[in-house]
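Participant: Residue numbers (this note's numbering), protein chains in the order written: chain A, 116 to 417; chain B, 86 to 521.
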Amino acid sequence: MHRSKLWRQIRPHAAGWLCASPWILGFLIFTLGPMLWSIYYSLTEYPLIRPPVWVGLDNFRVMFQEDKFFYNSLRVTTLYAIVAVPLHLVTGFLMAVMLNQKIRYIALWRTIYFLPSVVSGVAVALLWQWIFNSDFGLANWLLGLVGIDGPSWLLSPTWALPALIIMSLWSVGGSMVIFIAGLQGVPQALYEAAEMDGSNAVRRFWHVTVPMISPVILFNLIIGLIAALQTFTQAFIMTAGGPKQSTHFFMLHLYNNAFQWLKMGYASALAWILFAYILVATLFVIRSSSVWVFYEGEIKGR
Amino acid sequence: MTYSLSRRNFLRTAAGLGAVGILAACDMPTGGTAEGAAESAELSVWVWWPSPVPSLIEMGDTFMEAHPNVTVSVEAPSDYWTKVQTSIAGGAGPDLFFMNNVNYWSWAHREVLYDMTELAAADDAMQDNIANSWQGAVDFYNYKGRQFGMPYMYTSIVLYYNEDYIDSKGLALPADIEDEMDWNRFREYGLALHEEDDDGVAMWGLHSTGGIETGWLNFVRANGGDFLNDDNSECIIDAPESIEAWNYLVNLRREDGISPSPEALQAEGANSLFQSGKIALYPSGNWEMSFLNEQLKDFSYNITLLPFSPQTGERGGTTNIVGVVINNNTPAEGPAWNLMTHLLSKDSQDKLARANVLAPVRHDSAELYYDPELGPANRRAAFEMQEWTSALPTHDIVTWGEMMQPTTEWQTEIFEGRVSVEEGLANMADSVNSLF
């Protein structure tokens, strides 16, 4: 009796669960399962081609006390995220504002600006290698037009990271599209009311547009932050972490340990530290959002 | 009409489908046992670059004719080393795969390779192969008295030059004056051949900033130095002989300006610069010969011995001895061993020589590879370099990748002039030694 009641409860949802099961199984087998295994591996010495040997927390001790590359890779990754993410947000937002105007061929313009973000990472990396060539690259040619002798970019320990940050703007189209969607969701009535109250365009932008799309800014900030802290392809293809470790990102260090140096156990420990770092950074952003993100209908202070 | 599914049936079906899925995901053994070598098996062979694949397929075909119950597949998967590692970690992987000497010891040390010591000792055909092979390569693949793999082919580093251009400058061809070509003469040639015009450098005189394999270690060894000491327990790259060799190479770029700048190399690799007729003298590996023979149309090239050190009167060289190993996980040890023996036979090594990939490890087949008919005319220089050649540095505990991380980093710092040779090499040695 009890069983048939349970089945009656399940039955309306069975088809849904069945349809979702490929994804659920895929997630369990190929994402969650390996993640849980990697907790175990992080506590072992595991050269991948041999069975793991239990070492307890030694990988973490080595990481914090002996690994010469660990702190530098954390520093490089953090620095990149701190500069690239806000730059990405501001550029994406401004482009969205521009492309939200009523101008001719707007769909074409949006497509043109969005297009670079769908080009594959490796192709983009190779393209930018040419742009940053100090002898005949586009970057230094443009600087030369205004009388600036451009740096060696990817060959310079000072300029390699800024070069990768500039390059990250290539994929700003993704966040731009989300910003455009957000901007189009701002009620026109708010602008009209502000205008009737005597607000000029700048005030309308700061006091209507920005608060109304602050949830979109939060979304782009979190997505951008997570992506920035996992930067890998550019450094792997363009600089191999150099020069002088100036682009030695955390993910590159992790990859080297896992697949170049036969240290999968240590790489798993690095992966969990990165996971914790991203989690803390994301939680910090989410907690801070109560101060600067405005949700329509929300009444602050209640 | 509706169909109702009972909970029990639903769970049974779900469990059945799950079991089928799990079974389908598993890599089932392909048959064959260790007891007999004549049983049926499906052998897979992996190699990390595509050039040897056609000749390996040919060898596989010959093998299958003699062993009708065995099939052999050959492939060169992308991201080779990652794939080999992960497939072995998953309890599978190829039955036989190719190994380079910089990884061999660390893999042998980690006991993932099939120990073929006893099999090799008892197999007359293999003993014949070994007796006819380059002894240095055979010794290298003997790790602490055990045989975890067999050498198959090897590289050598030679000096490539643009014959037409040197001829046009009225200079004697390097192959004709190889006994005179010490480092001083090499530099004189570089200076004489270097050419600049209004657009910049039209021809770089030489290339002096190659990496450990094709570049600086050859010069360091010629000068009496090395990267690791004899028992591989210490990095000695900061020794005076090394410093002298490095200073020589660095000055060719920084003071003489006749070796390509970092910017030029960033835009186009040294091999590409040579192929497009923009470097006159270019040290590199014998693996480039087959490509140049087929693709080079605008000028003729030749090779010669690397220049010798005026201090020691010796040349120096590196080699990467490419070997074949058997996966410890293979379910078909007998057939895998038979295929291994076949790959090292005279017939197979002749096929390898004719394919013009790398020099076969068997002397009697290597003769075919060094035949000047295959081009270039002085092709035999690649064989003669063997006299001054020893294997690239390798270590059993520290992997090649780990050792090369600081090495490449400080190499770049030195060549790009951000640190002095002395400081850079001291840092390189310290960093590498901290790994041991």
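Backbone N, C-alpha and C fix where the C-beta goes; we use that ideal spot for every residue, glycine too.
All of these numbers come straight from a predicted model, not from anything done at the bench.
Could you pull out every residue in the same chain whose Cβ sits closer than 8 Å to the Cβ of Phe384/B, ignoring the five residues on either side in sequence?
Facilitator: For the purposes of this step, residue 384/B is taken as the residue at position 299 of the second sequence. Hits under 8 Å: Asn247, Glu248, Asp249, Tyr250 and Gly362.
Participant: Apart from the five residues on each side of it in sequence, which residues of its chain come closer than 8 Å, Cβ to Cβ, to Ser241/B?
Facilitator: Locating residue 241/B in the second sequence gives position 156, where the first residue counts as 1. If we look at Ser241/B and ignore the five residues flanking it on each side, its Cβ neighbours are Gly370, Asn371, Gly402, Thr404, Ala444, Ala467, Phe468, Met470, Gln471 and Thr474.
Participant: Relative to the alpha-carbon of Asn413/B, which residue among Trp485/B, Tyr199/B, Phe148/B and Glu160/B has its alpha-carbon at the smallest distance?
Facilitator: Residue 413/B sits at position 328 when you count from the first residue of the second sequence. Comparing Cα-Cα distances from Asn413/B to each of Trp485/B, Tyr199/B, Phe148/B and Glu160/B, the minimum goes to Tyr199/B.
Participant: Using the DSSP secondary-structure output, state which residues sit across from Ser129/B in a beta bridge.
Facilitator: Against the second sequence, residue 129/B aligns to sequence position 44. Ser129/B pairs with Ser158/B.
Participant: Here's the rule: buried if 16 or more other CB atoms are within 10 angstroms of the residue's CB, otherwise exposed. What is Gln303/A?
Facilitator: Locating residue 303/A in the first sequence gives position 188, where the first residue counts as 1. Classification of Gln303/A: exposed, given that the 10 Å Cβ count is below 16.
Participant: Distance cutoff 7 Å, beta carbons only. Does Arg231/B sit that close to anything in chain A?
Facilitator: The residue labelled residue 231/B in the question sits at position 146 within the second sequence. Answer no: the Cβ-Cβ gap between Arg231/B and chain A never drops below 7 Å.
Participant: Based on the DSSP secondary-structure assignment, which residues constitute the bridge partners of Gln232/B?
Facilitator: Here residue 232/B refers to the residue found at position 147 when the second sequence is read from its first residue. According to DSSP, Gln232/B bridges with Asn227/B.
Participant: Verify the CB distance criterion: does Pro162/A have a CB-CB separation below 7 Å to chain B?
Facilitator: If you number the first sequence from 1, residue 162/A lands on position 47. For Pro162/A, the answer is yes, since a Cβ of chain B falls inside 7 Å of its Cβ.
Participant: Considering only the beta carbon of each residue, do Leu305/A and Val400/A sit closer than 7 Å?
Facilitator: Working through the first sequence from its first residue, we reach residue 305/A at position 190. Working through the first sequence from its first residue, we reach residue 400/A at position 285. Not in contact: Leu305/A and Val400/A (Cβ atoms no closer than 7 Å).
Participant: Using DSSP bridges, identify the partner residues of Gly408/B.
Facilitator: As a first step, residue 408/B is located in the second sequence; it is residue number 323 there, counting from the start. Bridge partners of Gly408/B: Met184/B and Pro236/B.
Participant: Find out if the Cβ-Cβ distance for the pair Leu163/A, Gly171/A is shorter than 7 Å.
Facilitator: In the first sequence, counting from the first residue as 1, residue 163/A sits at position 48. In the first sequence, counting from the first residue as 1, residue 171/A sits at position 56. Contact flag unset, no.
Participant: For chain A, find out if any of its Cβ atoms is closer than 7 Å to the Cβ of Gln496/B; answer yes or no.
Facilitator: Looking up residue 496/B in the second sequence gives position 411. It does not: the Cβ of Gln496/B has no partner Cβ on chain A nearer than 7 Å.
Participant: Alpha carbon to alpha carbon, how far is Gln244/A from Met201/B? Give it in angstroms, no decimals.
Facilitator: Here residue 201/B corresponds to residue number 116 of the second sequence, with the count starting at 1. Here residue 244/A corresponds to residue number 129 of the first sequence, with the count starting at 1. Roughly 47 Å separates the two Cα atoms.
Participant: Given a cut-off of 7 Å on the beta-carbon distance, is the pair Gln232/B and Ala205/B in contact?
Facilitator: Position 147 of the second sequence holds residue 232/B. Position 120 of the second sequence holds residue 205/B. For Gln232/B and Ala205/B, yes; Cβs fall inside 7 Å.
Participant: Tell me whether the beta-carbon of Val331/A lies closer than 7 Å to the beta-carbon of Ala309/A.
Facilitator: For the purposes of this step, residue 331/A is identified with residue 216 of the first sequence, where counting begins at 1. For the purposes of this step, residue 309/A is identified with residue 194 of the first sequence, where counting begins at 1. Cβ atoms of Val331/A and Ala309/A: not closer than 7 Å.
Participant: Please classify Met213/A as buried or exposed, where buried requires at least 16 neighbouring CB atoms within 10 angstroms.
Facilitator: Mapped onto the first sequence, residue 213/A falls at position 98. Counting Cβ neighbours within 10 Å, Met213/A comes out exposed, since fewer than 16 surround it.
Participant: Are the C-beta of Ser235/A and some C-beta of chain B separated by less than 7 Å?
Facilitator: Numbered from 1 along the first sequence, position 120 holds the residue referred to as residue 235/A. Output row for Ser235/A: interface = no.
Participant: Less than 7 Å between the C-beta atoms of Asn174/A and Ala384/A, yes or no?
Facilitator: For the purposes of this step, residue 174/A is taken as residue 59 along the first sequence, with counting starting at 1. For the purposes of this step, residue 384/A is taken as residue 269 along the first sequence, with counting starting at 1. The answer is yes: Cβ separation under 7 Å.
Participant: Can you give me the Cβ contacts of Leu133/A inside the same chain, cut-off strictly under 8 Å, excluding the 5 residues immediately before and after it?
Facilitator: Walking along the first sequence from the start, residue 133/A turns up at place 18. So no residue of the chain qualifies.
Participant: Taking 8 Å as the limit between beta carbons, can you name the residues of its chain near Leu256/B, skipping five residues before and five after?
Facilitator: As a first step, residue 256/B must be located in the second sequence, where it is residue number 171. Taken in chain order, the residues that qualify are Tyr274, Ala277 and Leu278.
Participant: Does Leu270/A come out as helix, strand or coil in the three-state DSSP assignment?
Facilitator: Start at 1 with the first residue of the first sequence, and residue 270/A comes out as number 155. Leu270/A: helix per DSSP, three-state reduction.
Participant: Hey, does Pro162/B have any beta-carbon neighbour from chain A nearer than 7 Å?
Facilitator: For the purposes of this step, residue 162/B is taken as residue 77 along the second sequence, with counting starting at 1. Taking Cβ atoms only, chain A never reaches closer than 7 Å to Pro162/B, which makes this a no.
Participant: Against chain A, with Cβ distances strictly below 7 Å, would Glu508/B count as a contact?
Facilitator: Numbered from its first residue, the second sequence carries residue 508/B at position 423. No, its Cβ sits nowhere closer than 7 Å to a Cβ of chain A.
Participant: How close, in whole Å, do the beta carbons of Arg465/B and Tyr455/B come, if the pair is a contact with beta carbons under 8 Å?
Facilitator: Within the second sequence, residue 465/B is the residue found at index 380, counting from 1. Within the second sequence, residue 455/B is the residue found at index 370, counting from 1. With 8 Å as the limit, Arg465/B and Tyr455/B qualify as a contact, their Cβ atoms being about 5 Å apart.
Participant: At 8 Å on the CB atoms, spell out the chain A contacts of Arg195/B, in chain order.
Facilitator: Walking along the second sequence from the start, residue 195/B turns up at place 110. Here the neighbours are Pro162, Ile164, Arg165 and Leu377.
Participant: Measure the alpha-carbon distance for Trp134/B versus Leu204/A and round it to whole angstroms.
Facilitator: The residue labelled residue 134/B in the question sits at position 49 within the second sequence. The residue labelled residue 204/A in the question sits at position 89 within the first sequence. One C-alpha to the other measures close to 43 Å.
Participant: For Ser433/B and Val187/B, I'd like the C-alpha separation in whole angstroms.
Facilitator: Numbered from its first residue, the second sequence carries residue 433/B at position 348. Numbered from its first residue, the second sequence carries residue 187/B at position 102. Distance between the alpha carbons of Ser433/B and Val187/B is about 24 Å.
Participant: For Arg447/B, which of helix, strand or coil comes out of DSSP?
Facilitator: What you label residue 447/B is simply residue 362 of the second sequence in a count that begins at 1. Strand.
Participant: So, are the CB atoms of Thr477/B and Asp323/B less than 7 Å apart?
Facilitator: The residue labelled residue 477/B in the question sits at position 392 within the second sequence. The residue labelled residue 323/B in the question sits at position 238 within the second sequence. In the sequence on display, residue 477/B carries Leu and not Thr. No, the pair does not count as a contact, with Cβ atoms beyond the cut-off.
Participant: Could you give the DSSP three-state label for Trp169/A: helix, strand or coil?
Facilitator: Position 54 of the first sequence, counting from 1, holds the residue named residue 169/A. In this structure, Trp169/A counts as strand in the three-state DSSP scheme.
Participant: Return helix, strand or coil for Thr115/B, following the three-state DSSP convention.
Facilitator: Counting from 1 along the second sequence, the entry for residue 115/B is found at position 30. Only weak support is given to the placement of Thr115/B: the predicted model assigns it a pLDDT of 33, under 50, and the question is left unresolved by the model.
Participant: Strictly below 9 Å CB to CB, what residues from chain B border Leu269/A?
Facilitator: Start at 1 with the first residue of the first sequence, and residue 269/A comes out as number 154. Correct list: Gln351.
Participant: Candidates Tyr333/B, His152/B, Tyr189/B and Lys254/B: which alpha carbon is nearest Glu507/B's?
Facilitator: As a working mapping, residue 507/B is identified with position 422 in the second sequence. Minimum Cα distance to Glu507/B is reached at Tyr333/B.
Participant: Quick check: is the beta carbon of Gly357/A nearer than 7 Å to any beta carbon in chain B?
Facilitator: Sequence index remark: in the first sequence, residue 357/A carries index 242 (1-based). Yes, Gly357/A lies at the interface with chain B (some Cβ there is under 7 Å from its Cβ).
Participant: In three-state terms, what does DSSP make of Val243/B?
Facilitator: Working through the second sequence from its first residue, we reach residue 243/B at position 158. The answer is strand: DSSP assigns Val243/B an E or B state.
Participant: Quick one: is Trp256/A buried, meaning 16 or more other Cβ sit within 10 Å of its Cβ, or exposed?
Facilitator: Translated into the one-based positions of the first sequence, residue 256/A becomes position 141. Under this definition Trp256/A is an exposed residue.
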